[in-house]
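Below is one structure, written out as structure tokens, with a few remarks after it.
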Amino acid sequence: MFTFNEDRSLFPRHDEKGKPIVDVESGQFTKIWQGPIHPGMTGNMSLELTIQGDEIMDCVTHVGYLHRGFEKLMERRRFIQCFPICVRVAVPEPDFNEYCLASTIEELSGIEVPEAANWMRTLLLEMSRLQSYLAQMGGQGSSFGLGLIGQWTIWARDLVLDRFEEITGGRIYHMHMPPGGVRSLLPAGFVGRMNETLDEISAVMEEVERVLFHNSVFKKRAIGLGYIDPNWVDEYGITGPNARAAGVAKDVRKDNPYLMYDRLDFDVHLEYESDVFARAKVRYRDILTTIDLIRQILPQVPTKGEFMAEVPNVLHWKIPYGETYKRAECTRGEYGYYTVTDGSGYPRRINVRGPSYTHAVTLMEKMAINLNIADTAGVMSSLHTYPPEVER
Amino acid sequence: MEKFKDFKKRTVIAPDGEKIEIDPMKDYYCDAIPTPRKDYDKIPGILENFKNWARSESLWILAYGSGCGAIEMRPLMTPKHDAYRFGIQWRPTPRQANLLMISGYLSVKTLRIVVRAYEQMPSPKYVMGLGSCTINGGMYWDSYNTINRLDHFMPVDTYVTGCMPRPEALIAGFDELKKIIRAGKGVGADKYAENFAWYKENQKKILGDVGLPEYSW
Amino acid sequence: MKEIVNRLKEKFPVTAEIYQRDDLTFVTVEKKYGVDAVAYLKEYEGFTHLVLLTAVDWLEEGEFQLTYLLNNPKAKHDIGLRVRIDRETAEMQTAHHLWPAVTTYEQELNEMFGISFPGSPRQGHRFILDEAWQGPPPYRRDFDTKKYSEETYFPRPGRSKIDPSEHMKKKLYPEGM
């Protein structure tokens, strides 16, 4: 049996760019596809792996299985018609799409959003963040064989979705933030029920902390796995928890405060080990921050007042020539919309900047090298990649 | 096309020096086309009724989220909705599954995967279309990369409408599918075998001839 | 922001500048200075984070607009560097030596807009579209996605379109205006 006892990072030979020199025709290597039908993939994408034994020598990410051409479809729809389809770009947390698109349109057409609507938007975005983190936590556990974590967190996520249903009427897609404001304020008695939900989730998170972060299987496999060098953060465009776990304080909520985040009190959590365990820890503490933020926001949301600004007739709405970029901090990193208008009733171009674009393709290809096949699922879910925002 | 460049014929030398001819397109797939069961469209007898009951009570789903509807599958596995109590469970490979859930729109690239997965599943097999996009394209009716009608590429037993369907709607859809199977009408695989040429023609119109073997089980 | 643009102006001829927000500026440079200006902003002005690279199709003017959106993580502001290139030749110098992620962006632009970046790895390789795709680059504005879909994907008959303004007119004023 072939064993390699020397420095593994030197095997196989690398060229000057750090990419391994692999000659597939030599017969020493096997090429396998991981995905798209594979329980360890974080969605509908695939990795083309070149392996020797159990070790990955080369990795190419293949995406495009979920491509619907949103950016093309939005070019032939009116601004208000873009709303129902833009939320479908990122399924786990669609509200960030609504917010980014609405805010670019508001900026380009000079609409001032009422304060009550801004509070509502902040609340919806934080709730969205909470449910997305909970889903990711379950996936992170499942990828290392701890299926129980998923059972708990997905159950807790359903509680948040129930609260969403109360406000917006939808479970997954809410479409609650059209340009100009929000569609409604909080229903009666919502604050009490939301606080109850947060209590329940806090209780679940305490148990998750005990079961996940003190689990010897998870510790043994996750510590030291999937290291991200802090120098890669700028080089590869890493944002969000992946950067924060590497000790780089990147959080759009603090750096470029949007909505009401400059009036809220919260900290950016950093870890320095930069492995799968550290990233899970950053996310865990982010969940606690989010719960705390929602508790801060709830009493401040006005119960009555103006929540929708005056907007033109949406069927004849023309926006003058201009372009802008708006970003928000989603659970995976920096999420942004780049909108170009040309004076007609239709957008000239809308480009979605999803954090997975660099995480899932360039970074994953780099990190997969010298990994074991069994660990790819854990590393992928720790990067929190989500394919639809790569290909839109 | 570059994906299939490795599929060319080649000679491999085994460790003991023997030369082996390999033709991946022949070795990995069987191109014998499927045949329908005998008398599948007649009224079932007692034995067949019993088999249909057994089939309807063990729906094993291929755990493949081909579209956004997949996010509502996960809550089905948790205690709140608990689909396992209906004999439904998720399997990682097509060889162990008999229900293919098309969870939403199908892009061309996914259609290629889904067709292969469907052909690899053992018969009798059922297809359930989730969401409006499998019926008429739904929200993506004018998109250049998503198919509009699923029933042109594989026989569909039942649809669940909505964008996206709620978990409760999915459970109702499973119930409907069970009724269809128990009544002996879950004959999608036989229909597929009977109209094989038509389905293949539709698939090839979109997917081309590249890398799509005649039949892959 | 103003000082950065002024310093950029000394090095490269800037043809247009738009101050969109306090923390967001768009500047336009000529094609031959494009990548050099990006490299200058990255190396000397601290714009080390590439937010996005995308193209806008100005069909009527026969030009593509490439936008390199750069972010300065320390000063926390953005600059959008815009380059107009000819739509017929559709060629631009590659910037993949500056950030590894640019390779992916350039691969996507090559596939979806038909803009070529000579020297960039993975040019001409499929990224998003299927192997069997035969149509033109789909993000170009002269590609009609509705027509393509109707011809290719067996549309289900019976879809009717109601013009919203006509519909509302009829509903609100049934007797006519």
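Residue numbers (this note's numbering), protein chains in the order written: chain E, 45 to 436; chain H, 9 to 225; chain U, 943 to 1119. Glycine is no exception: its CB is placed at the ideal position from the N, C-alpha and C atoms.
> Does the beta carbon of Lys1103 of chain U come closer than 7 Å to any beta carbon on chain H?
Replying inline: Locating residue 1103 of chain U in the third sequence gives position 161, counting from the first residue. Chain H has no Cβ within less than 7 Å of the Cβ of Lys1103 of chain U.
>> I want to verify the contact list: residues of chain E whose CB lies under 7 Å from the CB of Ser151 of chain H, in sequence order.
In response: Counting from one through the second sequence, the residue named residue 151 of chain H turns up at place 143. Neighbours of Ser151 of chain H in chain E, taken as residues whose beta carbon is under 7 Å from its own, are Arg112, Gly113, Leu117 in chain order.
>> If you reduce the DSSP assignment to three classes, tell me which class Tyr172 of chain H lands in.
In response: For the purposes of this step, residue 172 of chain H is taken as residue 164 along the second sequence, with counting starting at 1. The residue asked about is misnamed: residue 172 of chain H is Met in this sequence, not Tyr. Coil.
> So what does Gly1022 of chain U bridge to, in DSSP terms?
Replying inline: Residue mapping note: residue 1022 of chain U aligns to position 80 of the third sequence, counting from 1. According to DSSP, which records beta bridges pairwise, Gly1022 of chain U is partnered with U:Phe968, U:Leu1011.
> Hey, Ala404 of chain E and Thr105 of chain E: beta-carbon distance below 7 Å or not?
Replying inline: Within the first sequence, the letter at position 360 stands for residue 404 of chain E. Within the first sequence, the letter at position 61 stands for residue 105 of chain E. For the pair Ala404 of chain E and Thr105 of chain E, the CB atoms are nearer than the 7 Å cut-off.
> Per DSSP, Cys374 of chain E forms a beta bridge with which residues?
Replying inline: The residue given as residue 374 of chain E occupies position 330 in the first sequence. Partner(s): E:Gly377.
> By DSSP, does Trp61 of chain H sit in helix, in strand, or in coil?
Replying inline: Taking the second sequence and counting its residues from 1, the one referred to as residue 61 of chain H is at position 53. Of the three classes helix, strand and coil, the one that applies to Trp61 of chain H here is helix, per DSSP.
>> Check whether chain H comes within 7 Å of Tyr1081 of chain U, counting only Cβ atoms and requiring the distance to be less than that.
In response: As a first step, residue 1081 of chain U is located in the third sequence; it is residue number 139 there, counting from the start. Taking Cβ atoms only, chain H never reaches closer than 7 Å to Tyr1081 of chain U, which makes this a no.
> Along the chain, which unbroken stretches of the alpha helix (DSSP H) at least 4 residues long are found entirely within the region 121–194 of chain H?
Replying inline: For the region 121–194 of chain H, the full-length alpha helix (DSSP H) segments reaching 4 residues or more read 141–144, 175–190 along the chain.
> Closer than 7 Å, Cβ to any Cβ of chain E: which residues of the region 969–998 of chain U, in chain order?
Replying inline: Residues of the region 969–998 of chain U whose Cβ lies closer than 7 Å to any Cβ of chain E, in chain order: Thr990, His991, Leu992, Val993, Leu994, Thr996, Val998.
>> For the pair the region 262–271 of chain E and the region 314–323 of chain E, tell me if three or more CB-CB distances fall below 8 Å.
In response: With a cut-off of 8 Å, the region 314–323 of chain E and the region 262–271 of chain E count as touching, because enough Cβ pairs lie within range.
>> Quick check: what's the CA-CA separation for Met45 of chain E versus Leu1071 of chain U?
In response: In the first sequence, counting from the first residue as 1, residue 45 of chain E sits at position 1. In the third sequence, counting from the first residue as 1, residue 1071 of chain U sits at position 129. For Met45 of chain E, the predicted structure reports a pLDDT of 39, less than 50, and the residue's modelled location is therefore unreliable. A value from the coordinates is still provided. Taking the Cα positions, Met45 of chain E is about 41 Å away from Leu1071 of chain U.
>> I'd like to know if Pro222 of chain E contacts chain H, where contact means its C-beta is closer than 7 Å to some C-beta of that chain.
In response: Against the first sequence, residue 222 of chain E aligns to sequence position 178. It does not: the Cβ of Pro222 of chain E has no partner Cβ on chain H nearer than 7 Å.
> Along the chain, where does the beta strand (DSSP E) that runs through Lys16 of chain H open and close?
Replying inline: Here residue 16 of chain H refers to the residue found at position 8 when the second sequence is read from its first residue. Looking at the DSSP string, Lys16 of chain H is not in any beta strand (DSSP E), and its letter there is neither H nor E.
>> At the 7 Å Cβ level, is Thr1087 of chain U part of the contact set with chain H, yes or no?
In response: Counted from its first residue, the third sequence places residue 1087 of chain U at position 145. Taking Cβ atoms only, chain H reaches closer than 7 Å to Thr1087 of chain U, which makes this a yes.
>> Using the three-state DSSP reduction, which class does Trp68 of chain H fall into: helix, strand or coil?
In response: Along the second sequence, read from residue 1 onward, the residue named residue 68 of chain H stands at position 60. Residue state, collapsed to three classes: strand.
> For Gly84 of chain E, does the three-state DSSP call read helix, strand or coil?
Replying inline: The residue you call residue 84 of chain E lines up with position 40 of the first sequence. Residue state for Gly84 of chain E is assigned as coil, using DSSP reduced to three classes.
> So does the region 422–436 of chain E actually touch the region 162–176 of chain H, counting three or more Cβ pairs closer than 8 Å?
Replying inline: Contact fails: fewer than three Cβ-Cβ distances are below 8 Å.
>> With H, G and I counted as helix, E and B as strand and the rest as coil, what does DSSP make of Ala160 of chain E?
In response: To locate residue 160 of chain E, count along the first sequence from 1; it is residue 116. Helix.
>> Quick check: the Cα distance between Thr1046 of chain U and Ile79 of chain H, rounded to an integer number of angstroms?
In response: By 1-based counting over the third sequence, the position of residue 1046 of chain U is 104. By 1-based counting over the second sequence, the position of residue 79 of chain H is 71. The straight-line gap from Cα to Cα measures roughly 27 Å.
>> Any beta carbon from chain U within less than 7 Å of Met9 of chain H's own beta carbon?
In response: Residue 9 of chain H sits at position 1 when you count from the first residue of the second sequence. Here Met9 of chain H scores only 44 on pLDDT, less than 50, and its place in the model should not be relied on; the value that follows carries that caveat. With 7 Å as the cut-off, Met9 of chain H counts as an interface residue toward chain U.
>> Would you call the region 72–87 of chain H in contact with the region 947–964 of chain U, where contact means no fewer than 3 C-beta pairs closer than 8 Å?
In response: Counting Cβ pairs under 8 Å, fewer than three are found: no touch.
> What are the start and end residues of the beta strand (DSSP E) that includes Lys231 of chain H?
Replying inline: As displayed, chain H neither begins before 9 nor continues past 225, which places residue 231 of chain H out of reach and without an answer.
> Taking 7 Å as the CB-CB cut-off, is Pro1106 of chain U touching chain E?
Replying inline: Position 164 of the third sequence, counting from 1, holds the residue named residue 1106 of chain U. Closer than 7 Å to some Cβ of chain E, the Cβ of Pro1106 of chain U qualifies, so yes.
> Considering only the beta carbon of each residue, do Ile81 of chain E and Tyr72 of chain H sit closer than 7 Å?
Replying inline: For the purposes of this step, residue 81 of chain E is taken as residue 37 along the first sequence, with counting starting at 1. For the purposes of this step, residue 72 of chain H is taken as residue 64 along the second sequence, with counting starting at 1. Taking 7 Å as the Cβ cut-off, Ile81 of chain E and Tyr72 of chain H qualify as a contacting pair.
> Would DSSP call His403 of chain E helix, strand or coil?
Replying inline: For the purposes of this step, residue 403 of chain E is identified with residue 359 of the first sequence, where counting begins at 1. In the three-state DSSP reduction, His403 of chain E falls in the helix class (H, G or I).
> Using the beta-carbon of each residue, which ones in chain C are nearer than 8 Å to Pro1097 of chain U?
Replying inline: Absence of chain C from the displayed structure is noted, the protein chains being E, H and U.
> Going straight from the alpha carbon of Val248 of chain E to that of Met181 of chain E, what length do you get?
Replying inline: Counted from its first residue, the first sequence places residue 248 of chain E at position 204. Counted from its first residue, the first sequence places residue 181 of chain E at position 137. Taking the straight line from one Cα to the other gives about 12 Å.
> Who pairs with Val998 of chain U in a beta bridge, going by DSSP?
Replying inline: Numbered from its first residue, the third sequence carries residue 998 of chain U at position 56. According to DSSP, which records beta bridges pairwise, Val998 of chain U is partnered with U:Gln1007.
>> Run through chain H and tell me which residues come within less than 8 Å of Gly1077 of chain U, C-beta to C-beta.
In response: Along the third sequence, read from residue 1 onward, the residue named residue 1077 of chain U stands at position 135. Neighbours of Gly1077 of chain U on chain H, chain order: Tyr152.
> Quick one: is Trp98 of chain H buried, meaning 16 or more other Cβ sit within 10 Å of its Cβ, or exposed?
Replying inline: The residue you call residue 98 of chain H lines up with position 90 of the second sequence. Result: buried.
>> Just to confirm the assignment: which complete alpha helix (DSSP H) runs, minimum length 4, are found wholly within the region 315–372 of chain E?
In response: Listed in chain order, they are 320–341.
> Cα-Cα, which of E:Ile338, E:Val107, E:Tyr109, E:Arg132 is closest to Glu115 of chain E?
Replying inline: Within the first sequence, residue 115 of chain E is the residue found at index 71, counting from 1. When each option's Cα is compared against that of Glu115 of chain E, the closest is E:Arg132.
>> Could you tell me the alpha carbon to alpha carbon distance between Gln340 of chain E and Gly366 of chain E, rounded to whole angstroms?
In response: Position 296 of the first sequence, counting from 1, holds the residue named residue 340 of chain E. Position 322 of the first sequence, counting from 1, holds the residue named residue 366 of chain E. In this structure, the straight-line span from the alpha carbon of Gln340 of chain E to that of Gly366 of chain E is close to 36 Å.
> Can you pull the DSSP bridge partners for Met109 of chain H?
Replying inline: For this step, residue 109 of chain H is matched to residue 101 along the second sequence. For Met109 of chain H, the beta-bridge partners assigned by DSSP are H:Met136.
> Taking DSSP as the reference, what is the three-state secondary structure of Val993 of chain U?
Replying inline: Taking the third sequence and counting its residues from 1, one reaches residue 993 of chain U at position 51. In this structure, Val993 of chain U counts as strand in the three-state DSSP scheme.
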